[in-house]
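Just below is one structure, and these are the notes that go with it.
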Amino acid sequence: MNESFNQKMKAELEQLDIHLTDEQLWKFQQYFMMLVDKNKVMNLTAITEESEVITKHFVDSLSLVKVLPELAEGKEISIIDVGTGAGFPGIPLKIAFPTCQVTLLDSLNKRVKFLQEVSESLELGPIRAVHGRAEDFGQNADYREKFDYCVSRAVANLSTLSEYCMPFVKVGGSFISYKSGDIEEEVKTAERAIGVLCGKIKTVYPFSLPGTDMKRSFVVIQKEKKLPKKYPRKAGLPSKEPL
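The opening position of the sequence shown corresponds to residue 1234 in this note's numbering, with each subsequent residue numbered one higher.
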């Protein structure tokens, strides 16, 4: 086991009051090595240096406990990670909080195959990686309004992201968007779209990543009633013509 890796993980996660077992730390190390190795042949992440992956990918992903304490309480909540890419935040959440049920959705099949390899190699238990577009899966009866929470670190404006993500959330559940930098204007602009999508902004929670001045925010949007069937609109429209 790489001791410097473990020490950095422990020190930064202590600030989130997250304490991992040796087995969980080993799984994070294996995930890191698989990520860097696969990144040589396909574009998964621009961040590959160990300490940066720990802070900007792993710890950033796990910061969700700031607005979702149910994770640390070990509750069996269902989460779908939309536009998961290399598996963030879904895989770190599953490693650290194994009782949560995680579904990873990505539009690139090569990435989904990598996520399946990681899940099997690390024996993560019930975790599903599926290939497809959010607009299509949001209309699929097996996925529509089936999850307690939808999370996304995808780079898109909040209006577009809300149309991708709100269809997956049960009434009473929440879509939680990971955002960086100054988001005040973006949140304000998205308010109308969020209302149309039967949501209400519950919290905007700003914070900085441990040991850095990198600004992050969680935007927590609660689902107040069932979504009209016309949302999400067909593939491509949410990004081309945000609500």
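Every residue, glycine too, gets a C-beta built ideally from N, C-alpha and C. From a predicted model like this one, the values you see are computed outputs, not experimental measurements.
Which of helix, strand or coil DSSP assigns to residue i
i	result
S1296	helix
S1392	helix
C1383	strand
K1243	helix
I1416	coil
H1252	coil
I1310	coil
K1459	coil
Y1464	coil
G1405	strand
Y1411	strand
Pairwise C-alpha distance: residue j and residue i
i	j	result
L1442	E1285	11 Å
C1431	G1469	21 Å
N1342	D1369	15 Å
M1242	L1258	8 Å
V1437	S1450	7 Å
I1313	G1444	29 Å
Y1376	T1332	20 Å
A1423	M1275	33 Å
G1428	P1475	13 Å
F1233	K1273	The structure shown does not extend to residue 1233, since the chain is modelled only from 1234 through 1476, so no value can be given for it.
K1433	V1300	16 Å
K1473	A1244	42 Å
K1412	N1235	31 Å
L1253	K1289	18 Å
L1249	K1435	21 Å
V1269	Y1397	29 Å
F1408	E1282	30 Å
E1418	Q1240	38 Å
G1358	Y1264	15 Å
E1256	G1414	34 Å
F1330	I1360	12 Å
Endpoints, the beta strand (DSSP E) within which residue i is located
i	result
G1323	Element bounds for G1323: not the beta strand (DSSP E) but the alpha helix (DSSP H), 1323-1329.
L1338	1334-1339
R1361	1360-1364
V1452	1448-1456
K1433	1432-1441
Alpha helix (DSSP H) segment containing residue i, residue limits
i	result
P1471	1470-1473
V1269	1255-1272
A1367	1367-1370
K1346	1342-1354
Residue i Cβ short of 7 Å to the ligand ZN heavy atom set
i	result
D1381	Among the components of this structure there are no ligands whatsoever, and the ligand ZN is therefore not found.
query = Does the count of Cβ pairs from the stretch 1455-1471 and the stretch 1300-1317 closer than 8 Å reach three?
reply = Contact fails: fewer than three Cβ-Cβ distances are below 8 Å.
ask   = Looking at C-beta atoms only, is the number of pairs between the stretch 1313-1327 and the stretch 1385-1399 that lie closer than 8 Å three or more?
value = yes
ask   = Are at least three pairs of beta-carbons, each pair with one atom in the stretch 1346-1362 and one in the stretch 1393-1404, less than 8 Å apart?
value = no
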